[in-house]
Amino acid sequence: MAEHQDETRAAYDAVVELYASMFADRLETLPFARAMVATFAELVRATGNTRTADVGCGPGHLTAMLHDLELDAFGLDISPAMIGHARRTHPALRFEEARMEALPVGDRALGGVVARYSMIHTPPAELPALLAEQARVLAPGGLLLVSFFGTEGPEPVRFDHKVTPAYSWPVDRFAELLTGAGLAPFARLLHDPATERGFLDAHVLARLP
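In structure tokens form, the structure reads like this:
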């Protein structure tokens, strides 16, 4: 896992300014994604624990949106260049460099975790460990919102992402992995692609019992 994560970090460090210019305001054009984020925030607020990690935060745009939705949000990313950009762009918010397999958060500490397309580069065999780590940091009743590229086939599909190779997932298979990590998936949104890749956009909400 360490080798794969190092490759991903180097790939995103190399494109941080271009990536930020392309995606920093992308949610403004994605009504389905915004609706899922807003629903997630409402449910997290209802738990009484608004501490929320944006895992794989990139340039920090989603972390800022979560803050605007009244969550105590902070961003984590493996790319130091992305963290630097996020800190410059959103100086009032907290951002830390971190690896997804070892989040710098105590057990059962958070009311919410968001992983928006941040696990798409993870090989299928390594994904359960990342989901288990996200479950570890959630308090009972805490929420996870995960977004990824969906496919209608029976198996994950590897494809050439513009930054580094990535995977799309059958939603049912991904939900099974969430269950295996101790989470309870309870809502999903699957819609036509927002890009030319042709994969579906998938969003799944899960709760730690």
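Take the sequence shown: its letters are residues 2 to 210, numbered as in our numbering.
Note that beta-carbon positions come from the ideal geometry of N, C-alpha and C, so glycine has one too.
The structure displayed is predicted, hence computed values, not measured ones.
If we require 3 or more residues per run, which beta strand (DSSP E) segments fall completely within the segment 132-190?
Scanning the segment 132-190 from its first residue to its last, the whole beta strand (DSSP E) runs of 3-plus residues come out as 139-151, 158-160 and 167-169.
Count the C-beta pairs between the segment 143-152 and the segment 57-64 that are closer than 8 Å, then say yes if the count reaches three, no if not.
Touching, no.
Secondary structure at E127, three-state DSSP: helix, strand or coil?
In the structure shown, E127 sits in a helix (DSSP, three-state: H, G or I).
Considering H62, what are the terminal residues of the alpha helix (DSSP H) in which it resides?
Residues H62 to D69.
If we ignore side chains and look at the alpha-carbon of each, how far apart do L201 and E97 end up?
A direct Cα-Cα distance of roughly 30 Å separates L201 from E97.
The beta strand (DSSP E) spanning L77 covers which residue range?
Run containing L77: D73 to D78, per the beta strand (DSSP E) assignment.
Would you say E102 and L146 are within 7 Å of each other, going by their C-beta atoms?
No, the Cβ-Cβ distance between E102 and L146 is not below 7 Å.
Residue range of the alpha helix (DSSP H) that includes H122
Here H122 belongs to no alpha helix (DSSP H), and DSSP marks it neither H nor E.
Are M66 and H204 close, meaning C-beta to C-beta below 7 Å?
Against a cut-off of 7 Å, the Cβ pair of H204 and M66 comes out as no contact.
Where the alpha helix (DSSP H) through H91 begins and ends:
Unbroken run through H91: none, as it is neither H nor E.
Going by DSSP in three states, L209 sits in which element: helix, strand or coil?
Three-state result, L209: coil.
Using the DSSP secondary-structure output, state which residues sit across from L111 in a beta bridge.
Looking at the DSSP assignment, L111 forms a beta bridge with L139.
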